[in-house]
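Order-wise, the sequence lines are chains A and B. What the first sequence shows, in my numbering, is residues 5 to 125, in sequence order. What the second sequence shows, in my numbering, is residues 198 to 406, in sequence order. Beneath this line is the structure, given in structure tokens, with notes to follow.
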Amino acid sequence: MAGTGSSMLYSFLMFTVILSLQEMYRGKLASSELFTILGGFISSLLFLVSLTFIGNFQETCGMRTGWGAVLSAEAIALIAASTVHRVCITTCFLFSAGLLYEVNKLSGMMLAKSEYKTKRH
Amino acid sequence: MAPKAETTQTLSTPTDSFSTSMDPIFQILKILPYSIIRPPRLRLKLPSFTLPSPMTVFALVLLTYFMVVSGIVYDVIVEPPGIGSTQDPSTGSVRPVVFLPGRVNGQYIIEGLSSGFMFVLGGIGIVLMDLSLDKNRAKSVKVSYASAGISSLVIAYVMSMLFIRIKIPGYLRSNVLTMGIRVAMNSTFLETLTGYTRKRKYEIHHGRE
Numbered sequence: 005m006a007g008t009g010s011s012m013l014y015s016f017l018m019f020t021v022i023l024s025l026q027e028m029y030r031g032k033l034a035s036s037e038l039f040t041i042l043g044g045f046i047s048s049l050l051f052l053v054s055l056t057f058i059g060n061f062q063e064t065c066g067m068r069t070g071w072g073a074v075l076s077a078e079a080i081a082l083i084a085a086s087t088v089h090r091v092c093i094t095t096c097f098l099f100s101a102g103l104l105y106e107v108n109k110l111s112g113m114m115l116a117k118s119e120y121k122t123k124r125h
Numbered sequence: 198m199a200p201k202a203e204t205t206q207t208l209s210t211p212t213d214s215f216s217t218s219m220d221p222i223f224q225i226l227k228i229l230p231y232s233i234i235r236p237p238r239l240r241l242k243l244p245s246f247t248l249p250s251p252m253t254v255f256a257l258v259l260l261t262y263f264m265v266v267s268g269i270v271y272d273v274i275v276e277p278p279g280i281g282s283t284q285d286p287s288t289g290s291v292r293p294v295v296f297l298p299g300r301v302n303g304q305y306i307i308e309g310l311s312s313g314f315m316f317v318l319g320g321i322g323i324v325l326m327d328l329s330l331d332k333n334r335a336k337s338v339k340v341s342y343a344s345a346g347i348s349s350l351v352i353a354y355v356m357s358m359l360f361i362r363i364k365i366p367g368y369l370r371s372n373v374l375t376m377g378i379r380v381a382m383n384s385t386f387l388e389t390l391t392g393y394t395r396k397r398k399y400e401i402h403h404g405r406e
């Protein structure tokens, strides 16, 4: 697994790629009902990536990642979703709530694993 | 108890319980972005809030009951005046009127508030009577609670009946006296009628048709 600096870089690059793809196919995503749901999902991927970016940034600064980082990442994702379609905002919120639950579980697992390693050594 | 047992299990063998997780999205998420990049160290806790005390809830419910019963919604929608005024037909002086007479589906603001207060007073009387049955209190306190409860109930009933008799003259009463009052309430109708006949006679007398 990469360090905090390179994961920041990777997540920023992924953010740029996803955002530019979403804006390129904006008209296609807003064309039908199913595609608006897909657009919300893509916006929630933006949420995931920006949350990773902010979390890694805060880890390099030595700060704790709490609800503030989640809210700012959610704001970014919702603004990006609102440029596509109105329905995308709602679906993006729902998808990102699900993804946030999974990421929280994953990060708890990672923390437990690192604590276990430091305890064993 | 269940989450505590789970955390002890994860502390003893942290990798097993998560790698055997049946959540497909979790597995996908573990492989696709987070095998390359580092996940954020999130420690999110749901903000816990304490329940408000029973007296706070009771006060809020009572306030809402008062507002609903006194017709705040009607006041907001229709925007009636706070108090009405009428002109005395004999002297011509304008005097204030608190109750909008003759109409059941209309009110002034002060009227609604005062009758709502009477309903709330009756409810508080019932609550006080319930408090007076508490065995842990002194006898004088119980007696004062009971007397206050009963008197406020009686006051509320009498005042509510008075209000509705002002509003609907002859409510639940059908004797000759109230019939007279009802006719007096319709005196404006009679005045227009007699005025019409006088004018008609004048016109006939002067040869106009």
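Virtual Cβ for every residue (Gly too), placed ideally from N, Cα, C.
Against residue 223/B, the close residues of chain A are 106, 109 and 110, in the order they occur along the chain (beta-carbon pairs closer than 8 Å). The contact set of residue 14/A on chain B, defined by CB atoms closer than 7 Å, consists of 233 and 234 in chain order. DSSP lists 239/B as the bridge partner or partners of residue 69/A. By the criterion of a C-beta distance shorter than 6 Å, residue 60/A is surrounded in its chain by 8, 11 and 12, once the five residues flanking it on both sides are discounted. When only Cα atoms are considered, residue 90/A and residue 37/A end up about 11 Å apart. Within the DSSP bridge table, the entry for residue 284/B names 291/B as partners.
Around the Cβ of residue 335/B, a 10 Å sphere holds fewer than 16 other Cβ atoms; the residue is exposed.
Less than 8 Å divides the Cβ of residue 236/B from the Cβ of residue 114/A. Between residue 80/A and residue 46/A, the gap from beta carbon to beta carbon reaches 8 Å or more. In the same chain as residue 339/B, and ignoring 5 residues on each side of it, the C-beta atoms closer than 6 Å to its own belong to 329, in chain order.
Cβ proximity to chain B below 8 Å picks out 52, 53, 55, 56, 58, 59, 60, 62, 63, 68, 69, 70, 71, 73 and 74 from the stretch 50 to 75 of chain A. Contact between residue 357/B and residue 325/B is ruled out by a C-beta separation of about 18 Å, above the 8 Å threshold. Pairing residue 75/A with residue 337/B, the inter-Cα distance amounts to about 59 Å. Burial of residue 44/A is indicated by the presence of at least 16 other C-beta atoms within 10 angstroms of its C-beta. Annotation: the continuous alpha helix (DSSP H) that includes residue 313/B extends over 306 to 328.
Here the alpha carbon of residue 48/A sits roughly 30 Å from the alpha carbon of residue 119/A.
A contact is defined here as three or more CB-CB pairs under 8 Å, and the stretch 257 to 268 of chain B meets this definition with respect to the stretch 305 to 312 of chain B. Around residue 86/A, the same chain offers 92 and 93 as residues with beta carbons nearer than 8 Å, after the five sequence neighbours per side are excluded.
Neighbourhood of residue 325/B in chain A, by CB distance below 9 Å: empty, with the nearest CB roughly 46 Å away. In the structure shown, residue 6/A adopts coil according to DSSP, grouped into three states. Going by DSSP, residue 272/B is part of the alpha helix (DSSP H) stretching over 269 to 275. By alpha-carbon distance to residue 344/B, the top candidate from 360/B, 364/B and 321/B is 321/B. For residue 227/B, the C-beta contacts it makes with chain A under 7 Å involve 110, in order along the chain. Nearest neighbour of residue 232/B by Cα position, chosen from 6/A, 77/A, 104/A and 19/A, turns out to be 6/A. Judged by DSSP secondary structure, residue 353/B falls within the alpha helix (DSSP H) whose first and last residues are 336 to 364. Using a Cβ distance threshold of 8 Å, residue 239/B and residue 53/A do not count as a contacting pair.
Put simply, the backbone Cα of residue 292/B is about 17 Å away from that of residue 304/B.
Shortest Cα-Cα distance from residue 109/A to any of 272/B, 359/B, 365/B and 241/B involves 241/B.
Note on residue 227/B: 16 or more other CB atoms within 10 angstroms of its CB, so buried under the neighbour-count rule.
Rounded to whole angstroms, residue 287/B and residue 360/B show a C-alpha spacing of 26 Å.
In the structure shown, residue 218/B falls within a coil segment according to DSSP collapsed to helix, strand and coil. A straight line joining the alpha-carbon of residue 28/A with that of residue 234/B spans about 26 Å.
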